[in-house]
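*Asks:* Numbering (our numbering), first residue to last: 4 to 139. Even glycine gets a Cβ: it sits at the ideal position worked out from N, Cα and C.
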């Protein structure tokens, strides 16, 4: 797997949250979200990542998308907006199928991800499948 970019939110001098964009051997864009996303309003922590992701999406061709939320236990209100920006950019730029890994039965992941992924849009819903993973 080739890492293309990563974004980090620091808290108390350590990485509290990280999102990694990579390309796997199947030409799939893989986004992995690790740690709780707790942002303060107007926090620019993920802006550099989002800008770089936009450049990557403009020049690369991906067959599909895999998003892994199994290591992301929480996202606050301000974090939701940052997450929406990332997800919107990916859905708009990569036309292929989307597989979303999430923790089975986790209320936040089951309910919030449906909204964040904009699955009320028929086109998004048609190309999105979920892979439910048991909590480790």
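In whole angstroms, what is the alpha-carbon distance linking residue 113 and residue 107?
*Replies:* Counting from one through the chain shown, the residue named residue 113 turns up at place 110. Counting from one through the chain shown, the residue named residue 107 turns up at place 104. Roughly 8 Å separates the two Cα atoms.
*Asks:* In angstroms, rounded to a whole number, what distance separates the CA positions of residue 54 and residue 133?
*Replies:* Position 51 of the chain shown, counted from the start, is the residue given in the question as residue 54. Position 130 of the chain shown, counted from the start, is the residue given in the question as residue 133. Roughly 27 Å separates the two Cα atoms.
*Asks:* Please name the residue in 73, 92, 69 whose C-alpha comes closest to that of residue 60.
*Replies:* Position 57 of the chain shown holds residue 60. Selected option, being the one with the closest Cα: 92.
*Asks:* Considering only their Cβ atoms, is the gap separating residue 104 from residue 73 smaller than 8 Å?
*Replies:* On the chain shown, position 70 is the one that residue 73 refers to. On the chain shown, position 101 is the one that residue 104 refers to. Contact flag set, yes.
*Asks:* Can you give me the Cβ contacts of residue 9 inside the same chain, cut-off strictly under 8 Å, excluding the 5 residues immediately before and after it?
*Replies:* Here residue 9 corresponds to residue number 6 of the chain shown, with the count starting at 1. Answer for residue 9: 21, 22, 23, 24, 52, listed in chain order.
*Asks:* Taking the continuous alpha helix (DSSP H) assigned at residue 54, which residues delimit it?
*Replies:* In the chain shown, residue 54 corresponds to position 51, counting from 1. Residue 54 -> alpha helix (DSSP H) spans 50-62.
*Asks:* Please go through the same chain and pick out, in chain order, the residues whose beta-carbon is closer than 7 Å to the beta-carbon of residue 144, but skip the five residues on each side of it.
*Replies:* Any property of residue 144 remains undetermined from this structure, which presents the chain solely from 4 to 139.
*Asks:* Would you mind working out which of 27, 13, 50 sits nearest residue 68, comparing C-alpha positions?
*Replies:* Residue mapping note: residue 68 aligns to position 65 of the chain shown, counting from 1. Closest option to residue 68, Cα to Cα, is 27.
*Asks:* Which term fits residue 149, buried or exposed, when burial requires 16 or more other beta carbons within 10 angstroms of its beta carbon?
*Replies:* The structure shown does not extend to residue 149, since the chain is modelled only from 4 through 139, so no value can be given for it.
*Asks:* From 4, 41, 75, 71, pick the residue whose C-alpha is nearest to that of residue 14; which is it?
*Replies:* For this step, residue 14 is matched to residue 11 along the chain shown. Comparing Cα positions, the closest option is 41.
*Asks:* Counting only the same chain and skipping the five closest in sequence on each side, list residues whose C-beta sits under 6 Å from that of residue 75.
*Replies:* Walking along the chain shown from the start, residue 75 turns up at place 72. The residues are 36.
*Asks:* Let me confirm a value: residue 85 is counted as buried when at least 16 other C-beta atoms fall within 10 Å, else exposed. Which label applies?
*Replies:* Mapped onto the chain shown, residue 85 falls at position 82. Label assigned to residue 85: buried.
*Asks:* Could you check what DSSP says for residue 9 in three-state terms: helix, strand or coil?
*Replies:* Here the question's residue 9 lines up with position 6 in the chain shown. Strand at residue 9.
*Asks:* Tell me which residue opens and which closes the alpha helix (DSSP H) that residue 92 is part of.
*Replies:* Taking the chain shown and counting its residues from 1, the one referred to as residue 92 is at position 89. Start and end: 80-96.
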